[in-house]
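Undergrad: So the sequence lines, in the order shown, correspond to chains A and B.
Positions 0 to 171 (numbering that gives the first Met the number 0) are the ones given, in order, by the first sequence.
Positions 0 to 339 (numbering that gives the first Met the number 0) are the ones given, in order, by the second sequence.
Ideal placement from N, C-alpha and C gives every residue a C-beta, glycine not left out.
First, the structure itself, so that you have it in front of you.
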Amino acid sequence: MRTYEPRFWDRFYLLALAQGLFITLVRFFKRKDTIQYPEKKHVPPAGYRGLHRLNKFDDGRIKCVACEMCQTACPAHCIDIEPSAAPWEDGEERYPVKFEIDLLRCIFCGFCEIACPKDAIELTEIYDFSAYTRDNLRIDMEGLLKVFDVTKNGNVYARQNRGERIEVPIAR
Amino acid sequence: MDTFDVIASLIKVVVVFGAIILTVAIMTLAERRVAGFIQYRLGPNRVGPWGLLQPVADGLKFFLKEDIIPDNVNKPIYLLAPVITIVPALMTFAVIPFGASLEIAGHTVKLQVADINIGLLYILALTSVGVYGLVLAGWSSGSKYPLLGGLRSSAQLISYELAMGLAIVGVIMVSGGLTFNEIVAHQQATSWNFWKQPLAALVFLVAIFAETNRLPFDLTEAEQELVGGYHTEYSSFKYIMFFLSEYANMITASAFMVCLFFGGWDIPFVDEAALGNWGVVFSVLAFAFKVGFFLFLYIWIRWTFPRFRYDQLMRLGWKVMLPLGLVNIFAVGLWMALRA
Chain A
0 MRTYEPRFWD
10 RFYLLALAQG
20 LFITLVRFFK
30 RKDTIQYPEK
40 KHVPPAGYRG
50 LHRLNKFDDG
60 RIKCVACEMC
70 QTACPAHCID
80 IEPSAAPWED
90 GEERYPVKFE
100 IDLLRCIFCG
110 FCEIACPKDA
120 IELTEIYDFS
130 AYTRDNLRID
140 MEGLLKVFDV
150 TKNGNVYARQ
160 NRGERIEVPI
170 AR
Chain B
0 MDTFDVIASL
10 IKVVVVFGAI
20 ILTVAIMTLA
30 ERRVAGFIQY
40 RLGPNRVGPW
50 GLLQPVADGL
60 KFFLKEDIIP
70 DNVNKPIYLL
80 APVITIVPAL
90 MTFAVIPFGA
100 SLEIAGHTVK
110 LQVADINIGL
120 LYILALTSVG
130 VYGLVLAGWS
140 SGSKYPLLGG
150 LRSSAQLISY
160 ELAMGLAIVG
170 VIMVSGGLTF
180 NEIVAHQQAT
190 SWNFWKQPLA
200 ALVFLVAIFA
210 ETNRLPFDLT
220 EAEQELVGGY
230 HTEYSSFKYI
240 MFFLSEYANM
250 ITASAFMVCL
260 FFGGWDIPFV
270 DEAALGNWGV
280 VFSVLAFAFK
290 VGFFLFLYIW
300 IRWTFPRFRY
310 DQLMRLGWKV
320 MLPLGLVNIF
330 AVGLWMALRA
């Protein structure tokens, strides 16, 4: 273990005090790291786990087949799925009529993403979703599909910082 | 005292009072701004350009807040305590000269509200009165933590007042006078007292930090143990009076320090008298600059050093500062005796 033995000059404290003052003075003049939040947004690194989205095929059909794997894998039990027969003839036979995530319970662990066999559910980079009521933080299937629409064209915050107006679909 | 003097005095009173209030407002912004800069962030910058209207917003907020008087307080004393604190805080600046003498229409106007012959003692006396306000505020709140905070402030005062007094004695000995004008004039004639008595300057500097209850000695309001200290039960305007007096005390203490050890309004290597009335302007600016530096030092030190524990503060006051003050007096006395 390293121990601290005061040097001769340290015993007078004055040198140490001057050193401390010097450190804070240098910091006073250094570049500031502040991000002016509402105007400029922090762009989270790749792999950040934020708000969920439900992916769609190119023709607009939902990828989800309501297999309930994500619901089973979820440690917080925040996903609520109701399966039904798909409304279309060709393609997948199962289809979710209800897909709700309680964002207040979600711990953003990403297990749903890993469990999904169809790559339908994914976590996005969106971190600044908030609402005034608890009900508004239950995001339904429509909301999750809208998140896909806003996030499919690249990082939302990088685009917002470039001046694009993007509304995150959470009822406020 | 003729009409001219009366009018001049009134103008000086208004200007000094206004300057103190304005400086307090600027200090509330500067405090937060410097804190931000030291912590790699920007500090308040939302209200007005560069956050300059922040003091106005702060002031408005304090006026509009609900004024609460708790049930258990001793009402007359509770209401009187902020007044007892703020009056001496605003009065002390009266004897501090903030510039060279001005010549107007054959009259010599001293840039000082009152030139009394015991200026130093006046300040020492008044700064100790302020602590009555804190003790009474703590006691009359009818709550235990404010009481502890008030008692701490008085104990802190006696730990430091002696060291402060001893630091000043050396200055009085060399300058041979108790008025600030004599002290400043002596420093102009020779050199700043800081170069002659750095030890006394250091002791005095530490003492005024404790005197104004600033970090690292803000034990009267040490939040983590005392829940806010002597002003816990105070709100809105009554609270802002304590706040104002603390900042006014800082300004006065900085001016005190400048006058005693840093030549007052003296500009080194420049003869102000030769510049006429422009010299006066520069002397006021020099004084303001020096006071501003010490005000910055207050904030700078606040965000650099951790808070002292109570026993550490007492030990520093009694066992370190007091002997150092005595050593300084002895050294100055010896030096004067050898020179005489």
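Would the beta-carbon of G141 (chain B) fall within 8 Å of that of V183 (chain B)?
TA: Here the question's residue 141 (chain B) lines up with position 142 in the second sequence. Here the question's residue 183 (chain B) lines up with position 184 in the second sequence. No, Cβ-Cβ distance for G141 (chain B) and V183 (chain B) is not below 8 Å.
Undergrad: In whole angstroms, what separates the C-alpha of A285 (chain B) from that of L204 (chain B)?
TA: Position 286 of the second sequence, counted from the start, is the residue given in the question as residue 285 (chain B). Position 205 of the second sequence, counted from the start, is the residue given in the question as residue 204 (chain B). Counting only the Cα atoms, L204 (chain B) lies some 20 Å from A285 (chain B).
Undergrad: What does Y39 (chain B) touch in chain A if you count any residue whose Cβ is under 9 Å from its own?
TA: Locating residue 39 (chain B) in the second sequence gives position 40, where the first residue counts as 1. Simply R26, K29, R30, K31, D32 and T33.
Undergrad: Does DSSP put S83 (chain A) in a helix, in a strand, or in coil?
TA: Residue mapping note: residue 83 (chain A) aligns to position 84 of the first sequence, counting from 1. S83 (chain A) falls in the strand class under three-state DSSP.
Undergrad: For the region 291-323 of chain B, which residues have a CB atom closer than 8 Å to at least one CB atom of chain A, in sequence order?
TA: If the cut-off is 8 Å between Cβ atoms, the region 291-323 of chain B has W299, I300, W302, T303 and F304 near chain A.
Undergrad: What residues of chain B sit near L20 (chain A), judged by a beta carbon separation below 8 Å?
TA: Your numbering for residue 20 (chain A) matches position 21 in the first sequence. Neighbours of L20 (chain A) on chain B, chain order: W299, I300 and T303.
Undergrad: Report the residue from B:Q311, B:A287, B:L59 and B:A247 whose alpha carbon sits nearest the alpha carbon of I266 (chain B).
TA: Along the second sequence, one-based indexing puts residue 266 (chain B) at 267. It is B:A287 whose Cα lies nearest to the Cα of I266 (chain B).
Undergrad: Along the region 26-37 of chain B, what residues have a CB closer than 9 Å to any CB found in chain A?
TA: V33, G35, F36 and I37
Undergrad: Can you have a look at V331 (chain B) and say buried or exposed, based on whether 16 or more other CB atoms are within 10 angstroms of its CB?
TA: Working through the second sequence from its first residue, we reach residue 331 (chain B) at position 332. Classification for V331 (chain B): buried.
Undergrad: So, G49 (chain A) versus L103 (chain A), is the Cβ gap smaller than 8 Å?
TA: Indexing the first sequence from 1 puts residue 49 (chain A) at position 50. Indexing the first sequence from 1 puts residue 103 (chain A) at position 104. It is not a contact, given that the beta carbons lie outside the stated cut-off.
Undergrad: Grab the span of the alpha helix (DSSP H) containing E163 (chain A) for me, first residue to last.
TA: In the first sequence, counting from the first residue as 1, residue 163 (chain A) sits at position 164. Element bounds for E163 (chain A): n/a, residue is neither H nor E.
Undergrad: Mapping the DSSP letters down to three states, classify L102 (chain A) as helix, strand or coil.
TA: Start at 1 with the first residue of the first sequence, and residue 102 (chain A) comes out as number 103. Coil, per DSSP.
Undergrad: From F307 (chain B) to G142 (chain A), what does the alpha carbon distance come to, in whole angstroms?
TA: Here residue 307 (chain B) corresponds to residue number 308 of the second sequence, with the count starting at 1. Here residue 142 (chain A) corresponds to residue number 143 of the first sequence, with the count starting at 1. Taking the straight line joining both Cα atoms gives about 55 Å.
Undergrad: Return no unless some Cβ of chain B is closer than 8 Å to the Cβ of T23 (chain A).
TA: Start at 1 with the first residue of the first sequence, and residue 23 (chain A) comes out as number 24. Yes, because at least one Cβ of chain B sits closer than 8 Å to the Cβ of T23 (chain A).
Undergrad: Spatial neighbours of N154 (chain A) within its chain, please: C-beta separation below 7 Å, excluding the five flanking residues on both sides.
TA: Working through the first sequence from its first residue, we reach residue 154 (chain A) at position 155. Result list for N154 (chain A): V42 and E124, in chain order.
Undergrad: Taking A17 (chain A) as the reference, which of B:L315, B:E210, B:L296 and B:M320 has the closest Cα?
TA: Walking along the first sequence from the start, residue 17 (chain A) turns up at place 18. Comparing Cα positions, the closest option is B:L296.
Undergrad: Just to confirm the assignment: which complete alpha helix (DSSP H) runs, minimum length 4, are found wholly within the region 151-218 of chain B?
TA: 179-188, 192-195 and 197-210
Undergrad: For Q35 (chain A), does the count of other Cβ atoms within 10 angstroms reach 16, so buried, or fall short, so exposed?
TA: Taking the first sequence and counting its residues from 1, the one referred to as residue 35 (chain A) is at position 36. Burial is judged here by how many other beta carbons sit within 10 angstroms of a residue's own beta carbon; Q35 (chain A) has fewer than 16 and is exposed.
Undergrad: From K40 (chain A) to A157 (chain A), what does the alpha carbon distance come to, in whole angstroms?
TA: Your numbering for residue 40 (chain A) matches position 41 in the first sequence. Your numbering for residue 157 (chain A) matches position 158 in the first sequence. Each residue's alpha carbon lies about 8 Å from the other.
Undergrad: Within 10 Å of its beta-carbon, does V33 (chain B) have 16 or more other beta-carbons around it, so buried, or fewer, so exposed?
TA: One-based indexing of the second sequence puts residue 33 (chain B) at position 34. The residue is buried, with at least 16 neighbouring Cβ atoms inside 10 Å.
Undergrad: Assign D70 (chain B) to one of two classes, buried (16 or more other C-beta atoms within 10 Å of its C-beta) or exposed (fewer than that).
TA: Sequence index remark: in the second sequence, residue 70 (chain B) carries index 71 (1-based). By the beta-carbon neighbour count (other beta carbons within 10 angstroms, threshold 16), D70 (chain B) is exposed.
Undergrad: Nearest to G16 (chain B) by CA position, among B:F97, B:D1, B:W334 and B:H106, is which residue?
TA: Position 17 of the second sequence holds residue 16 (chain B). Gly is not the amino acid found at residue 16 (chain B); the sequence shown has Phe there. The candidate whose alpha carbon is nearest that of F16 (chain B) is B:F97.
Undergrad: For the pair the region 152-161 of chain B and the region 230-243 of chain B, tell me if three or more CB-CB distances fall below 8 Å.
TA: no
Undergrad: Can you name the residues that DSSP bridges to D52 (chain A)?
TA: Residue 52 (chain A) sits at position 53 when you count from the first residue of the first sequence. According to the sequence as given, residue 52 (chain A) is Arg; it is not Asp. Assignment of beta-bridge partners to R52 (chain A) by DSSP yields A:E121.
Undergrad: Following the continuous beta strand (DSSP E) through E102 (chain B), name the residue where it begins and the one where it ends.
TA: The sequence position of residue 102 (chain B) within the second sequence is 103, counting from 1. Segment L101 to I103, the beta strand (DSSP E) holding E102 (chain B).
Undergrad: Looking only at its chain, what residues have a beta carbon closer than 7 Å to the beta carbon of K145 (chain A), apart from the 5 residues adjacent to it on each side?
TA: Reading the first sequence from its first residue, position 146 is the one you call residue 145 (chain A). Within the same chain, K145 (chain A) has close Cβ partners P168.
Undergrad: Can you give, in chain order, each stretch of the alpha helix (DSSP H) that sits fully within the region 2-79 of chain B and has at least 4 residues?
TA: 2-37 and 53-63
Undergrad: Of the choices A:T132, A:A75, A:K55 and A:F11, whose alpha-carbon is the least far from that of F147 (chain A)?
TA: Here residue 147 (chain A) refers to the residue found at position 148 when the first sequence is read from its first residue. Per the C-alpha coordinates, the member of A:T132, A:A75, A:K55 and A:F11 positioned closest to F147 (chain A) is A:K55.
Undergrad: For K289 (chain B), I'd like the list of residues in its chain whose CB is within less than 6 Å of its CB, leaving aside the five on either flank, ordered along the chain.
TA: As a position in the second sequence, residue 289 (chain B) is number 290, starting the count at 1. For K289 (chain B), where only same-chain residues beyond five positions count, the Cβ hits under 6 Å are V257 and F261.
Undergrad: Could you check whether the Cβ of M335 (chain B) sits closer than 8 Å to any Cβ belonging to chain D?
TA: The structure shown has no chain D; the protein chains it does contain are A and B.
Undergrad: Does the beta-carbon of P81 (chain B) have 16 or more other beta-carbons within 10 angstroms, so that it is buried, or is it exposed?
TA: Mapped onto the second sequence, residue 81 (chain B) falls at position 82. With 16 or more other Cβ atoms within 10 Å, it is buried.
Undergrad: Which word fits P87 (chain B), buried or exposed, when buried means at least 16 other C-beta atoms lie within 10 angstroms of its C-beta?
TA: Locating residue 87 (chain B) in the second sequence gives position 88, where the first residue counts as 1. It is buried - the Cβ of P87 (chain B) has at least 16 other Cβ atoms within 10 Å.
Undergrad: Determine the extent of the beta strand (DSSP E) in which V42 (chain A) is found, giving its start and end residues.
TA: Here the question's residue 42 (chain A) lines up with position 43 in the first sequence. Here V42 (chain A) belongs to no beta strand (DSSP E), and DSSP marks it neither H nor E.
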